[in-house]
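Some notes on the structure that comes next.
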Amino acid sequence: MSTSVQNSPGSGTAAAPGKPIGELVFALLIVSIGVVGFVAGAGIQTPPSASDIGPRAFPFAVSALLVAVGAGLVFQVLRGHRGSADEGEDVDLEAKTDWLTVGKLAGFVLLHAFLIVPLGWPVAAAILFFGAAWSLGARPWWRNLVTAIVLALVLQFVFGGLLGVSLPPGFLEGLGIFGG
Amino acid sequence: MDNFFLLMEGFATAMQPMYLLFALGGVLVGTAVGVLPGIGPAMTVALLMPITYSLEPTAAIIVFAGIYYGGMYGGSTTSILLNTPGESSSIVTALEGNKMAKAGRGAAALATAAVGSFVAGTIATVLLSFLAPFVAAFAVQIGPVEYVALMVVAFLTVGALLGSSVLRGLASLGLGLFIALVGFDALTAQQRYTFGSPFLADGIDVVLVAVALFAVGEALYVASRLRHGPIKVIPVTGGWTSWLRKDDLRRSWKPWLRGTFIGFPVGTIPAGGADVATFLSYASERKLAKGENKKQFGKGAIEGVAGPEAANNAAAAGVLVPLLTLGIPTTATAAMMLVAFQRYQIPVGPQLFESNSALVWALIASLYVGNLMLLVLNLPLVGIWVKILQIPRPYLYAGILVFAVLGAFSVNFTPIDVIILLVVGILGFFMRRFGYPIAPMVVGLILGPIFESQLRRSLAISQGDPVALIQSPVAATIYVVLIVIFALSLLLKRRQRQFEAMVAANADAADVVRGSEAGTAGAGADASTTAPSVTAPGSPTSSAPSSPATSAAPSSPTSPGSDRKDTGR
């Protein structure tokens, strides 16, 4: 997917060689969300007393929009018009997609979700930061670890302690300044 | 004169020392986060939402006012000083500002941007304070039918204009509307699209989705294509007091004013937000420039920074008119402001000026205050912003993720929300990858439920007759007027893209020419102009002799169009 994309002015799409399988799947996903919307929408109960168009009509309208637009996009992609990927200061559009890093980051966020309750927020957040920084290529590991611990403690202190957001303090339980 | 007294009362509130402190905090945090590359104003507001969770409404709204203006300002610093193509609304600033900075005139670019933002922000806030009450007085008289008309147009313009592809924008809007449907129907209490899950019964929180799309999606996307190598920050030379020379001032003040009066009206109508305003201002400055100054366009003309920056800030104030009076956000940032209001159960919409007038006027007053603070603070603090620009990218994006999970978790304090955050974040990643704009989805998510209830209310009144939706003369007028605006905006957008492609092509060509000249003259001349760097002396990244030949966008035939296009975020 590292093919360079040329924009024809005004169209907002671009014709490019290569196999747009991912993009096609995404467009089909939009269509299928619309289809699911219809199927699941048919199961929405309408109370007989409803004086207006009821709770089903709007979901159907949105589903129809998704199916129509999704189908249009499938058609567009098949004809070779592809979306132009997003830009940013830190984005190198010429670079090959680094799926491994994306996977690692997603994995660490998931891990974080499972660690908040047993270990407390500061520990879970430190692990997330450490893991994410490592995945993105920060070295050496000990500096990442120190930064992660300091950041987690500062955030716990500011949000849990000062701002009163009830983050579970974990091992800091009982220390008032951390909201324990 | 009544409104004038209300505004004075607002000032009386906003000038209380405690609230001044909150405004200062909001402005500082907003600028600092806005300066961070990859973080636009919308993401700034989304990420900073948890800060205000424990504050009372007035303090929270004042903090958000500071974040809103600060985030806008921070973006322009990034695009002037960072040697990489940036994001949508500040792209025009980058066009000339970045060139100025490379030529050793970064200080002047920053100064004209700062003063221009202040001038435009102040004038536009005055316009806002006079215009908004009138629009609000009109708005309270309209019924659900007219409201539906307004929202249909808002959907259409947001979906079709915020982004480069109309179909993708509408798809994004549809996804937002769909997610908004999950949970209990507000009118009949029926479950919709919950698939029997108790976690979905209460619906998916807007903050959660917004943070996921903006922060997690962005972090994953950047991670997939991270720009490696040193971070090239262009050094700023000289003391900040001598930044605006007489000549610069003489060339800047007219563009500031023109930018203001272009930006404000464009901001108030749903025409695609600040991007269109900056482009219009840039195009008109380019056209109006004469002689020597005209030749500088594409190589660092100060007018090309002054005008668009003023237009950008004026549009930001203009966007608040439909937001505060009608409850209709026309940009992603405005949508996030609406979410902030909703969290405090402040009913944004036609009634806002009546039911919460003290709060609204305190907000408007704190916009004046925040604007002044930005002017006073930003120039002296530029050294700090440059430091912020140099944060190692792994730490930056790891930090964004930590903030995102913090925001997600503190919505309901359940880890399930973090998992939903991840799922929606992955969706956001693919949307960025395949060129789907994020903003329509957020707007759809927020306006969807309001739209549905107004639609059903108007159909209940007409007993299910859809013709009633266009029969009201006011509604019909709204449709007609806004269809015209819509058509015009679409035309404008198209011209903007052609223009940007053209300008970018010219700029790149100029770069290549200058690059070869610099190559023969030796990089020494280039380095000598930037040598007395006040910012981070000795840092290898800041003193990089950024020869235009190496730093210019790769001059392959594919770069002009794809490098500087508008994604409307």
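These protein sequence lines map, in sequence, to chains B and X. In this text, residue positions in the first sequence follow this note's numbering: the first is -13, and each later residue adds one. In this text, residue positions in the second sequence follow this note's numbering: the first is 89, and each later residue adds one. Backbone N, C-alpha and C fix where the C-beta goes; we use that ideal spot for every residue, glycine too. Remember, predicted model here, so these are calculated numbers, not experimental data.
Residue pairing by DSSP leaves B/Phe115 without any beta bridge partner. The C-beta distance from X/Val117 to X/Ile476 rounds to 12 Å, too long to fall under 8 Å, and the pair is not in contact. The residue from X/Ile139, X/Ala311, X/Ala100 and X/Leu183 with its alpha-carbon nearest to that of X/Arg431 is X/Ile139. Note that the region 102 to 122 of chain B touches the region 491 to 500 of chain X; at least 3 beta-carbon pairs, one per stretch, sit closer than 8 Å. At the C-beta level, B/Asp72 and X/Leu314 stay beyond 8 Å of one another.
Beta-bridge partners assigned by DSSP to X/Val321: X/Leu170. With a threshold of 8 Å between beta carbons, X/Ala259 makes contact with chain B. Under a 10 Å Cβ-count criterion, X/Ser443 is classified as exposed, with fewer than 16 other Cβ atoms of the shown protein chains found around its own Cβ. Within chain X, Leu308, Ala311, Ser312 and Phe517 have C-beta atoms less than 8 Å from the C-beta of B/Val88, given in sequence order. Annotation for X/Arg333: Ala196 place their beta carbon closer than 8 Å to its own, counting only its chain and skipping 5 residues before and after. Contacts with chain B at 8 Å (Cβ-Cβ) do not include X/Glu397. B/His98: member of the alpha helix (DSSP H) spanning Trp85 to Leu105, first to last residue.
Within the region 150 to 161 of chain X, contact with chain B at the beta-carbon level (separation under 9 Å) is assigned to no residue.
Using a 10 angstroms sphere on the CB of X/Lys581, the tally of other CB atoms reaches 16 or more, which defines it as buried. Around X/Tyr281, the beta-carbon contacts reaching into chain B at under 9 Å are Val22, Gly23, Ala26, Gly27, Ile30 and Pro45. For X/Leu515, the closest C-alpha among the options X/Arg339, X/Leu462, X/Ala303 and X/Ala399 is that of X/Ala303.
Annotation for X/Arg313: no alpha helix (DSSP H) segment contains it, and DSSP assigns it neither H nor E. Nearest CB-CB separation between B/Pro41 and chain X: below the 8 Å threshold. Taking 8 Å as the upper bound on Cβ-Cβ separation, chain B lies near residues Glu540, Leu543, Arg544, Arg545, Leu547, Ala548 and Gly552 of the region 538 to 556 of chain X. Inclusion of X/Ala130 and X/Asn401 in the CB contact set at 8 Å is not warranted, their separation being larger than that value.
For X/Phe501, the closest Cβ of chain B is nearer than 8 Å.
X/Lys190 counts as buried, since at least 16 other C-beta atoms from the protein chains shown sit within 10 angstroms of its C-beta. For X/Leu265, a Cβ of chain B is located within less than 8 Å of the residue's own Cβ. Your pair X/Leu463 and X/Ala202 checks out as a contact, with CB atoms roughly 6 Å apart and the cut at 8 Å. X/Gln278 reaches chain B at Ile30, Gln31, Thr32, Pro33 and Pro41, counting residues in chain order whose Cβ is nearer than 8 Å.
Taking 4 residues as the shortest admissible run, the region 8 to 64 of chain B contains the following complete alpha helix (DSSP H) segments, listed from N- to C-terminal end: 43 to 64. Within the model, the alpha-carbon separation for B/Ile163 versus X/Leu112 is close to 24 Å. Minimum Cα-Cα distance from X/Leu451 among the listed residues X/Tyr107, X/Gly114 and X/Ile149 corresponds to X/Ile149. Contact annotation: X/Pro353 and X/Glu373 have beta-carbon atoms that are not nearer than 8 Å. Residue range Ala420 to Arg431 is occupied by the alpha helix (DSSP H) that includes X/Arg431, with no beta strand (DSSP E) assigned at that position. Against B/Val103, the close residues of chain X are Pro503, in the order they occur along the chain (beta-carbon pairs closer than 7 Å). Look at B/Ser18: its C-beta is not under 8 Å from any C-beta on chain X.
Neighbourhood of X/Pro528 in chain B, by CB distance below 7 Å: empty, with the nearest CB roughly 11 Å away.
For the region 364 to 395 of chain X, there is no continuous beta strand (DSSP E) assignment of 3+ residues that stays within its boundaries. In the three-state DSSP reduction, X/Gln104 falls in the coil class, being neither helix nor strand. One finds Ala259, Gly262, Leu263 and Phe266 in chain X with Cβ atoms closer than 8 Å to the Cβ of B/Leu52, taken in chain order.
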